[in-house]
Amino acid sequence: MKVLAAMSGGVDSAVAAARAVEAGHDVVGVHLALSRMPGTLRTGSRGCCTIEDSMDAQRAANLIGIPYYVWDFSERFKLDVVDDFIAEYSAGRTPNPCMRCNEKIKFAALLEKALDLGFDAVCTGHYASIVTDDDGNRELHRASAWAKDQSYVLGVLTAEQLAHAMFPLGATPSKAEVRAEAAARGFSVANKPDSHDICFIPDGDTRGWLAERVGAEIGDILDRAGNRLGSHEGAHAFTVGQRKGLNIGFPADDGKPRFVLEVRPKDNTVVVGPKEALDIAEIAGSRFTWAGRAPEDPATPFACEVQIRAHADPVPAVAVVRDGELVVRPDEPLNGVAPGQTAVVYVGTRVLGQATIDRTTSAVPA
Numbered sequence: 010m011k012v013l014a015a016m017s018g019g020v021d022s023a024v025a026a027a028r029a030v031e032a033g034h035d036v037v038g039v040h041l042a043l044s045r046m047p048g049t050l051r052t053g054s055r056g057c058c059t060i061e062d063s064m065d066a067q068r069a070a071n072l073i074g075i076p077y078y079v080w081d082f083s084e085r086f087k088l089d090v091v092d093d094f095i096a097e098y099s100a101g102r103t104p105n106p107c108m109r110c111n112e113k114i115k116f117a118a119l120l121e122k123a124l125d126l127g128f129d130a131v132c133t134g135h136y137a138s139i140v141t142d143d144d145g146n147r148e149l150h151r152a153s154a155w156a157k158d159q160s161y162v163l164g165v166l167t168a169e170q171l172a173h174a175m176f177p178l179g180a181t182p183s184k185a186e187v188r189a190e191a192a193a194r195g196f197s198v199a200n201k202p203d204s205h206d207i208c209f210i211p212d213g214d215t216r217g218w219l220a221e222r223v224g225a226e227i228g229d230i231l232d233r234a235g236n237r238l239g240s241h242e243g244a245h246a247f248t249v250g251q252r253k254g255l256n257i258g259f260p261a262d263d264g265k266p267r268f269v270l271e272v273r274p275k276d277n278t279v280v281v282g283p284k285e286a287l288d289i290a291e292i293a294g295s296r297f298t299w300a301g302r303a304p305e306d307p308a309t310p311f312a313c314e315v316q317i318r319a320h321a322d323p324v325p326a327v328a329v330v331r332d333g334e335l336v337v338r339p340d341e342p343l344n345g346v347a348p349g350q351t352a353v354v355y356v357g358t359r360v361l362g363q364a365t366i367d368r369t370t371s372a373v374p375a
């Protein structure tokens, strides 16, 4: 096939591109310029998609012997990822920008351009697997190395996108093996640290970054009964489950610490309460998609597992589509779930679909 290899400048995408070439495909490498600050340089494991990353990707492409290009997707990235991130926080939700980038950039904008140019597939260095069932339907599954599995952040992919996706690292037992292969191939990125921060906030100060763009406005901190406990300088700076930075100044009646339970941007208030009130009995979202073939009758409750964070353990649950929402009830309460997060639903190792969480129901009534 004619394959477009998305090369981030890291070790995984470099090895994935090399494996695609060795599998006999006609491969072209491309690095996505996403930053609107072209002078940005990477520091250790902070950030990604910088000039340094672009140079690393080019060196790898040269060693592999494939053509290499840099495509400017900074405008799409700003609109679909950065502006969405700001809007979600402004609405009191906790977004996952990596999910949005996979959905809107790597497997929408990039794939659309790739298909227009005659490519058959987009190859990335994600740790996930694609399996074709007996009827020819492509399914997204966990990688063989669960510790490195990245199927969660790919849960937003649709059947059409899976039809043109390629993940050469899916069956690799460990990241150590990928690094060893990269070293054997002479890639300079063999021991390059993984990026782990939000790429457009490389210093990790999300609160300060948001304050500059959303602004700070004093509001009230309330308990679950609506009693005023203190004040804050902007609801956007708080996330569900947060304990530090409340500055209430006096202990709760039971002497236990208080946690953020809810963020209400419309009236700029933050609701706090005991840790047990973070237990969630039900989550639901109207913005849901299926990763491949949908269930035959999603209106009938079905057993599954739900995962709400990239590195969280999956939890047994029952899901159903009801009144336009994907509703999931875990067998045991989930802890610290916030609207805006993504719930990915699995059946065994298969990613069945996902939903952006719109509402949660506490397991501990007020």
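Heads up: the sequence shown runs through residues 10 to 375, numbered per my numbering.
Glycine is no exception: its CB is placed at the ideal position from the N, C-alpha and C atoms.
* Just the Cα atoms here: how many angstroms apart are proline 304 and leucine 238? -> For this step, residue 304 is matched to residue 295 along the sequence shown. For this step, residue 238 is matched to residue 229 along the sequence shown. When rounded, the distance between both Cα atoms is 47 Å.
* **Beta-carbon proximity check, isoleucine 230 vs glutamate 242, cutoff 8 Å** => In the sequence shown, the residue the question calls residue 230 occupies position 221. In the sequence shown, the residue the question calls residue 242 occupies position 233. Isoleucine 230 places its beta carbon 8 Å or farther from that of glutamate 242.
* Could you say which of Gly33, Glu61, Val12, Ala193 lies nearest to valine 39 if we only look at CA atoms? => Within the sequence shown, residue 39 is the residue found at index 30, counting from 1. Selected option, being the one with the closest Cα: Val12.
* Could you tell me whether the Cβ atoms of valine 329 and proline 307 are closer together than 8 Å? => Residue numbering aside, residue 329 sits at position 320 when the sequence shown is read from its first letter. Residue numbering aside, residue 307 sits at position 298 when the sequence shown is read from its first letter. For valine 329 and proline 307, yes; Cβs fall inside 8 Å.
* To do: Taking proline 348 as the reference, give the member of Leu149, Ala66, Ser371 with the closest Cα.
  => Counting from one through the sequence shown, the residue named residue 348 turns up at place 339. Ranking Leu149, Ala66, Ser371 by Cα distance to proline 348 puts Ser371 first.
* With DSSP run on the structure shown, which of helix, strand or coil describes alanine 290? -> For the purposes of this step, residue 290 is identified with residue 281 of the sequence shown, where counting begins at 1. Note: alanine 290 maps to strand in three-state DSSP.
* To do: May I have the straight-line CA-CA distance separating threonine 365 from alanine 180, to the nearest angstrom?
  => Translated into positions along the sequence shown, residue 365 becomes position 356. Translated into positions along the sequence shown, residue 180 becomes position 171. C-alpha separation (whole angstroms): 28 Å.
* Asked: Any chance the region 85 to 101 sits against the region 139 to 149, with 3 or more Cβ pairs inside 8 Å?
  -> no
* Kindly provide the ranges of any beta strand (DSSP E) runs that are 3 or more residues long and lie completely inside the region 146 to 196, ordered along the chain. => Correct list: 147 to 151.
* To do: Round the Cβ separation of threonine 141 and alanine 25 to the nearest angstrom and send it over; I've been treating them as touching at under 8 Å.
  => Stepping through the sequence shown from its first residue, residue 141 is reached at position 132. Stepping through the sequence shown from its first residue, residue 25 is reached at position 16. Their Cβ separation, rounded to whole angstroms, is 19 Å, which puts threonine 141 and alanine 25 out of contact at 8 Å.
* Can you check DSSP and say which residues form a bridge with glycine 228? => Against the sequence shown, residue 228 aligns to sequence position 219. Glycine 228 pairs with His241.
* Under 6 Å Cβ to Cβ from proline 310, same chain only, skipping five residues before and after it: list those, please. => Along the sequence shown, read from residue 1 onward, the residue named residue 310 stands at position 301. Only residues of its own chain outside the window of five on either side were considered, and among them Val327, Val329 have a CB closer than 6 Å to the CB of proline 310, listed in chain order.
* Asked: Count the other CB atoms within 10 Å of the CB of alanine 185; is the residue buried (16 or more) or exposed (fewer)?
  -> Taking the sequence shown and counting its residues from 1, the one referred to as residue 185 is at position 176. It is exposed - the Cβ of alanine 185 has fewer than 16 other Cβ atoms within 10 Å.
* Asked: Taking C-alpha atoms, which residue in Asp288, Ala293, Arg194 lies nearest to asparagine 71?
  -> In the sequence shown, counting from the first residue as 1, residue 71 sits at position 62. Considering only alpha carbons, the answer is Arg194.
* To do: Have a look at leucine 166 and alanine 117 and give me their C-alpha separation to the nearest angstrom.
  => Mapped onto the sequence shown, residue 166 falls at position 157. Mapped onto the sequence shown, residue 117 falls at position 108. Taking the straight line from one Cα to the other gives about 9 Å.
* Asked: Cα separation between glycine 48 and glutamate 341?
  -> Taking the first residue of the sequence shown as position 1, residue 48 is located at position 39. Taking the first residue of the sequence shown as position 1, residue 341 is located at position 332. Low confidence applies here, because glycine 48 scores a pLDDT of 49, under 50, leaving its location unreliable and the question unanswered by this model.
* Between the region 279 to 289 and the region 250 to 268, do at least 3 Cβ pairs fall closer than 8 Å? -> yes
* Rank Asp129, Val30, Glu31, Thr103 by C-alpha distance to the C-alpha of glycine 250 and give the top, closest one. => Within the sequence shown, the letter at position 241 stands for residue 250. For the residues Asp129, Val30, Glu31, Thr103, the minimum Cα distance to glycine 250 belongs to Thr103.
* Confirm, please, whether the CB-CB distance from valine 131 to isoleucine 75 is below 8 Å. => As a first step, residue 75 must be located in the sequence shown, where it is residue number 66. As a first step, residue 131 must be located in the sequence shown, where it is residue number 122. No.
* Asked: Who does arginine 338 pair with in a DSSP beta bridge?
  -> For this step, residue 338 is matched to residue 329 along the sequence shown. Val327, per the DSSP bridge assignment.
* Asked: With distances taken from CA atoms, which of Pro325, Leu119, Gln350, Asp332 is nearest glycine 357?
  -> In the sequence shown, counting from the first residue as 1, residue 357 sits at position 348. For the residues Pro325, Leu119, Gln350, Asp332, the minimum Cα distance to glycine 357 belongs to Pro325.
* **Terminal residues of the beta strand (DSSP E) in which serine 371 lies** => As a first step, residue 371 must be located in the sequence shown, where it is residue number 362. 368 to 371 is the span of the beta strand (DSSP E), which, as asked, contains serine 371.
* To which residues of the same chain is arginine 359 closer than 6 Å at the C-beta, ignoring the five residues directly before and after it? -> Counted from its first residue, the sequence shown places residue 359 at position 350. For arginine 359, where only same-chain residues beyond five positions count, the Cβ hits under 6 Å are Glu148, His150.
* **methionine 108 burial status per 10 Å Cβ neighbour count (16 or more: buried)** => Locating residue 108 in the sequence shown gives position 99, where the first residue counts as 1. With 16 or more other Cβ atoms within 10 Å, it is buried.
* Who are the Cβ neighbours of aspartate 367 in its own chain at under 8 Å, not counting the five residues just before and after it? -> Position 358 of the sequence shown, counted from the start, is the residue given in the question as residue 367. Within the same chain, aspartate 367 has close Cβ partners Ala293, Gly294, Ser295, Arg296, Glu334, Pro348.
* To do: Could you name the residues of the same chain whose beta carbon sits closer than 7 Å to that of aspartate 443, not counting the 5 residues immediately before and after it, in chain order?
  => Since the first residue of the chain shown is 10 and the last is 375, residue 443 is not available in this structure.
* Asked: Can you name, in chain order, every residue of its own chain whose Cβ lies under 8 Å from the Cβ of glycine 127, other than the five neighbours on each side?
  -> The residue given as residue 127 occupies position 118 in the sequence shown. The residues are Lys11.
* For tyrosine 78, the three-state DSSP class (helix, strand or coil) -> Here residue 78 is taken as the residue at index 69 of the sequence shown, counted from 1. Of the three classes helix, strand and coil, the one that applies to tyrosine 78 here is strand, per DSSP.
* Asked: With burial defined as no fewer than 16 other Cβ atoms inside 10 Å of the residue's Cβ, what is the status of asparagine 256: buried or exposed?
  -> By one-based count along the sequence shown, residue 256 stands at place 247. Its Cβ having fewer than 16 others within 10 Å, asparagine 256 is exposed.
* To do: Indicate the three-state DSSP secondary structure (helix, strand or coil) for aspartate 35 in the structure shown.
  => Taking the first residue of the sequence shown as 1, we reach residue 35 at position 26. DSSP places aspartate 35 within a strand segment (E or B) once states are collapsed to three.
* Proximity to tyrosine 161 [Cα-Cα], best of Ala96, Arg338, His320, Val336 -> Taking the sequence shown and counting its residues from 1, one reaches residue 161 at position 152. Comparing Cα positions, the closest option is His320.
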